[in-house]
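Protein chains in written order, with full-length UniProt numbering: chain D, 1 to 376; chain X, 1 to 376.
Below is one structure, written out as structure tokens; comments come after it.
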């Protein structure tokens, strides 16, 4: 029997939704009730945007809410203030002070992940798969590390053995997708084995993804295509998203993945999607309960023809809207409507396209914060 | 009387030019004679570009040399290889292992710079200006730090007192320009005082600059305007440069500085230059002898009309040429013709415009290396 806090710890999404609702609730009540968070720039000002509290508390909002928020403007809301962006970055980079609760997961003398000490206890009984070794080489708070049993020599053997353990653990690792992620020391290096996507944060492996901003340039004014995720998606239902995004599974290059996802998520033909431009990366390090996300997102820009209208093919997106970049900027600054990591990728777009400039207080600090995770 | 090595140590430019000549010489001789440098990607391959050795040894080259290098292509020269880019980054980030030879320079409890222990000895006699304190708070290898005498309270007093010392030191700090740089803990923070530009690396203060890539887009093919520095410029004469670049002096914003430099360096009217887009930063940390450069460069892109021809106004640029980006890429990869920090800014451009992609081995590592310095 798990306690409520353990349940929350094991389900990052559950606690994420609770925290969003709480923070949204605070915004609708009073600045005095807002949680105390220390930010790198000046103290937060109360942003008196009027909002229908029920929809915020239920963490569900309509496109009408989005448009109202994106356009609202008033004297107290300084558009050069980067405060809201820092808050979004913070939401992606929780709990770095809790890194000491994790034990290094080592394969062939290289750290490939981090496993929470209490989650690790569930792995101890699988003697044929995991070894717990006492050796301080990997500067663990616990004086040791976890590795795979030396009998598991090939990538295939390791993949199969760990998959069996994950199946045995059942509800401890929810949301199995039968999608395999590569386990490596760094990007492009040989894969030690492949791991079920849903298990990645429980083993703290680095996960790579591709995120694409699709934009239209009309007479020098740029617009972004924004998706609203399906309400029945298991993760971040109803939240705002890029035109196209996805994890980078085992055995596919970023370029191939972009082309595939463009087709599935936005109905983009290859004649257009092959113009997608790789423009850099963002990264974050998010600890929440047993989950240690170490994500590196390859960012792409795609300038789209005026006449193109995206159409979702796989049921994961409810609808798309074309929104002026300045309005998207307001949404990110003011509310938590975007799937958290999309805020980072759009903020990177804002930097590269000159919407945030060195004259903004905190420019360098915000730019640096977009790569807070191990970017290798 | 200074020894040759001390002279080299005190003159970063001198030793820089010698190292360029040596490395260029090696390239013209044999791969076996090249200096042994460990790079993060695969071992360097010999790049058999034919070259007139005398011009390389004299570190002087013509536009004809530039064009020949930029176009040369052969089977041994893999265009996806990032090796040459890593070498250019390395040339901007020398000697980080020598940081322990420097003593922290502290003002109002904040580290603003680093001073070489032997250079510091020259400051000891100026009791009314510098204090040498024994306190391990700033984790100095020497167990202490250097600060300004507490009698110097105002920014003006400090600026004047330090300027007097620099004048007294004479040839120890060559190339005085009568241009003042702000001394701060980080960008946008209040200035403690202002320091002569030529003295900045001797005090290891952070220096900010603006660098602008001016490009033309012809039917989807991009071209960069490249300048060749005047042969009589005191620093990096005859080397390749951006369309516009400059240090960020005391009391001027990045935006104002870009407009000013655009006019002086390229004859760009404000009607065009005000379209310059801030796109991010690069940084490096370069130790050479007494010099500790901690530079942060704000990068700008400016898309120019086809018909615009830059004309230098201040005599600092010999001539400009419009070069296809793919050819500029070859110049950077293959030779050290660009002023070193320009290579970083152009490499950043190559990342943001998709000329370097995640499929290139070392993508993440090279991208990270563009901000090797303290970016605050």
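Glycine included, C-beta positions come from ideal geometry on N, C-alpha and C.
Cutoff 6 angstroms; reference residue i; Cβ partners in own chain excluding five residues on either side
{"i": "residue 254/X", "result": "210 and 298"}
{"i": "residue 266/X", "result": "243, 244 and 310"}
{"i": "residue 301/D", "result": "213, 277 and 279"}
{"i": "residue 264/D", "result": "313 and 314"}
{"i": "residue 80/D", "result": "360"}
{"i": "residue 186/D", "result": "376"}
{"i": "residue 358/X", "result": "none"}
{"i": "residue 356/X", "result": "350"}
Residues that DSSP places opposite residue i in a beta bridge
{"i": "residue 370/X", "result": "Note: residue 370/X sits in no beta bridge, so no partner."}
{"i": "residue 105/X", "result": "113/X and 146/X"}
Residue i in three-state terms, based on DSSP
{"i": "residue 363/X", "result": "helix"}
{"i": "residue 67/D", "result": "helix"}
{"i": "residue 82/X", "result": "coil"}
{"i": "residue 376/X", "result": "coil"}
{"i": "residue 205/D", "result": "coil"}
{"i": "residue 88/D", "result": "helix"}
{"i": "residue 351/D", "result": "helix"}
{"i": "residue 357/X", "result": "coil"}
{"i": "residue 60/X", "result": "coil"}
{"i": "residue 37/D", "result": "In this prediction, residue 37/D scores a pLDDT of 27, lower than 50, which makes its location untrustworthy; no coordinate-derived value is stated."}
{"i": "residue 99/D", "result": "helix"}
Beta-carbon proximity list for residue i, same chain, < 7 angstroms, skipping 5 on both sides
{"i": "residue 257/X", "result": "210, 246 and 248"}
{"i": "residue 315/X", "result": "230"}
{"i": "residue 134/X", "result": "143 and 144"}
{"i": "residue 322/X", "result": "216, 223 and 225"}
{"i": "residue 162/X", "result": "129, 193 and 195"}
{"i": "residue 375/D", "result": "281, 283 and 296"}
{"i": "residue 236/D", "result": "229 and 339"}
{"i": "residue 204/D", "result": "102, 105, 113, 114, 115, 292 and 294"}
{"i": "residue 85/X", "result": "332, 333, 347 and 366"}
{"i": "residue 352/X", "result": "279"}
{"i": "residue 259/D", "result": "270, 273 and 274"}
{"i": "residue 93/D", "result": "284, 285, 286 and 372"}
{"i": "residue 100/X", "result": "141"}
{"i": "residue 138/X", "result": "104, 106, 111 and 145"}
8 angstroms Cβ shell around residue i - same chain, five flanking residues per side excluded
{"i": "residue 240/X", "result": "66, 226, 227, 228, 229, 331, 337, 338, 339 and 342"}
{"i": "residue 328/X", "result": "70, 224, 226 and 346"}
{"i": "residue 98/X", "result": "287"}
{"i": "residue 123/D", "result": "115, 129, 130, 146 and 165"}
{"i": "residue 306/D", "result": "216 and 218"}
{"i": "residue 371/D", "result": "281, 282 and 283"}
{"i": "residue 190/D", "result": "184"}
{"i": "residue 252/D", "result": "260"}
Along the chain, which unbroken stretches of the beta strand (DSSP E) at least 3 residues long are found entirely within the region 141–203 of chain X? Counting whole runs of 3 or more residues, the region 141–203 of chain X contains the beta strand (DSSP E) stretches 144–148, 180–183 and 193–196.
Quick one: complete alpha helix (DSSP H) runs, 4+ long, within the UniProt domain "Nudix hydrolase" (207–348) of chain X? 254–266, 270–273 and 325–334
Going residue by residue through the region 112–144 of chain D, where are the continuous alpha helix (DSSP H) segments of at least 4 residues, counting only ones entirely within it? List check, alpha helix (DSSP H) in window: 117–123.
Along the region 82–112 of chain D, where does the CB come closer than 9 angstroms to a CB of chain X? Name the residues. none
Can you pull out the residues from the region 183–215 of chain D whose beta carbon lies closer than 9 angstroms to at least one beta carbon of chain X? 186, 187, 188, 208 and 210
According to a CB-to-CB cut-off of less than 8 angstroms, which residues of the region 151–168 of chain D neighbour chain X? Result list empty, no residue passes.
Note down, in chain order, all residues in the region 275–300 of chain D with a beta-carbon under 8 angstroms from any beta-carbon belonging to chain X. For the region 275–300 of chain D, the residues whose beta carbon sits under 8 angstroms from a beta carbon of chain X are, in order, 277, 278, 279, 280, 281, 296 and 298.
Could you run through the region 314–329 of chain X and flag, in chain order, every residue whose CB is less than 9 angstroms away from some CB of chain D? none
Please identify, using Cβ separations under 7 angstroms, the residues of the region 113–141 of chain D that lie next to chain X, in order along the chain. none
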